[in-house]
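Student: Have a look at this one.
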Amino acid sequence: MISHNLAPSPLHSTTFPPTLPSPSYSLAHHRKTKCPRSENAMHAYYFDNLPTDQRLPHITDPARPVSPETLAKLGVLSWHVPVDGHESGVDESDDEFEVNRVAKERGYKNRDVINVSREGMGAVYEEKIRGGFFDVREMPNDAWIRIVVAPGDLLVLPAGIYHRFTLDTKDQIRALRLFKDEPKWIPHARSGATDANMHRVGYLRDIGTGISPAVGAVGA
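Counting in UniProt numbering, the sequence shown runs from 1 upward without gaps.
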């Protein structure tokens with residue numbers, strides 16, 4: 001799907017579609033998964049594409065880790081910021097806090113906090129959540145790369161990248177999202193029209209691919 005009015009405007013997948021506005025930038029307070037990760041590096045790896053519960057890690061056997069350099073080539077940026085003392089919220093006037101510095105440098109003028117859980121969403125949980133991982137499409141092979149979201153992770157997704165969000169088996173995440181404009185999300189299912197979308201075309205040009213795989217590929 002494509003999202004508009006985020007900064008940047010991302011595209012999503014129609015399989016296991018994300019049901020919340022995927023942020024251009026997010027800081028997550030998240031219950032730990034069992035996926036291994038180094039202390040201050042965001043953990044990413046190739047998704048195994050098995051048709052099982054999407055909340056599971058889905059690590060290939062053997063595992064195929066993805067480096068920060070590979071993610072950077074796709075335009076995906078990440079940092080780790082200590083969040084101790086900020087669990088209840090972020091003071092926007094605190095210029096020393098990394099989140100506020102990044103927001104100012106990248107022009108994120110608006111923000112919100114989401115709490116995704118059965119308790120937090122109540123009766124609409126089953127309607128809204130099918131599955132916290134961010135999955136992004138690698139180009140030109142169209143493979144899914146799974147990014148594990150843990151406390152203090154900062155993630156920027158470029159305009160035009162196909163991606164999706166899934167909770168893990170703990171069924172809970174609390175995240176701060178930053179936007180350049182009004183927080184608004186309009187999804188569009190992947191299709192020939194979305195592949196021709198100006199954000200998608202510009203993204204492929206920026207990463208040096210220039211083409212998108214045929215619509216209808218497995219797991220599209």
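C-beta: ideal position from N, C-alpha, C; glycine also.
Could you tell me whether the stretch 107-117 touches the stretch 61-79, using the rule of 3 or more Cβ pairs below 8 Å?
Tutor: no
Student: As a quick exercise: from Pro158, Val113, Asn141, pick the residue whose alpha carbon is nearest that of Tyr203.
Tutor: Working through the sequence shown from its first residue, we reach residue 203 at position 203. The option with the nearest alpha carbon to Tyr203 is Pro158.
Student: Where do the ends of the beta strand (DSSP E) carrying Asn100 lie?
Tutor: Sequence index remark: in the sequence shown, residue 100 carries index 100 (1-based). That residue, Asn100, is in no beta strand (DSSP E); its alpha helix (DSSP H) goes 98-106.
Student: Closer than 6 Å by C-beta to Ile114: which residues in its own chain qualify, once you throw out the five before and the five after it? Chain order, please.
Tutor: The residue you call residue 114 lines up with position 114 of the sequence shown. Result list for Ile114: Ala175, in chain order.
Student: With burial defined as no fewer than 16 other Cβ atoms inside 10 Å of the residue's Cβ, what is the status of Met1: buried or exposed?
Tutor: Translated into the one-based positions of the sequence shown, residue 1 becomes position 1. Only weak support is given to the placement of Met1: the predicted model assigns it a pLDDT of 34, under 50, and the value that follows is read from those uncertain coordinates. The residue is buried, with at least 16 neighbouring Cβ atoms inside 10 Å.
Student: Arg205 lies in the alpha helix (DSSP H); which residues open and close that run?
Tutor: Translated into the one-based positions of the sequence shown, residue 205 becomes position 205. Counting along the chain, the alpha helix (DSSP H) containing Arg205 begins and ends at 198-206.
Student: Report buried or exposed for Thr169, applying the criterion of at least 16 other Cβ atoms within 10 angstroms of its Cβ.
Tutor: Taking the first residue of the sequence shown as 1, we reach residue 169 at position 169. Under this definition Thr169 is an exposed residue.
Student: Within a Cβ cutoff of 6 Å, which residues of the same chain sit near Leu178, ignoring the five residues on either side of it in sequence?
Tutor: Taking the first residue of the sequence shown as 1, we reach residue 178 at position 178. The residues are Tyr25, Ala103, Tyr108, Arg111.
Student: How should Asn197 be labelled, buried or exposed, when 16 other C-beta atoms within 10 angstroms of its C-beta is the threshold for buried?
Tutor: Residue mapping note: residue 197 aligns to position 197 of the sequence shown, counting from 1. When all chains shown are included, Asn197 counts as buried.
Student: Which residue's Cα is closest to the Cα of Arg55: Phe133, Asp142, Asn49, Ile145?
Tutor: As a first step, residue 55 must be located in the sequence shown, where it is residue number 55. When only C-alpha atoms are compared, the closest one is Phe133.
Student: Opposite Asp153 in the DSSP bridges: which residues?
Tutor: Here residue 153 refers to the residue found at position 153 when the sequence shown is read from its first residue. According to DSSP, which records beta bridges pairwise, Asp153 is partnered with His80.
Student: Whose CA, out of Glu182, Asp206, Ala143, lies closest to the CA of Asn49?
Tutor: Walking along the sequence shown from the start, residue 49 turns up at place 49. Selected option, being the one with the closest Cα: Ala143.
Student: How long is the line joining the alpha carbons of Gly208 and Thr70, rounded to whole angstroms?
Tutor: Locating residue 208 in the sequence shown gives position 208, counting from the first residue. Locating residue 70 in the sequence shown gives position 70, counting from the first residue. Looking at the two C-alpha atoms, the distance is approximately 14 Å.
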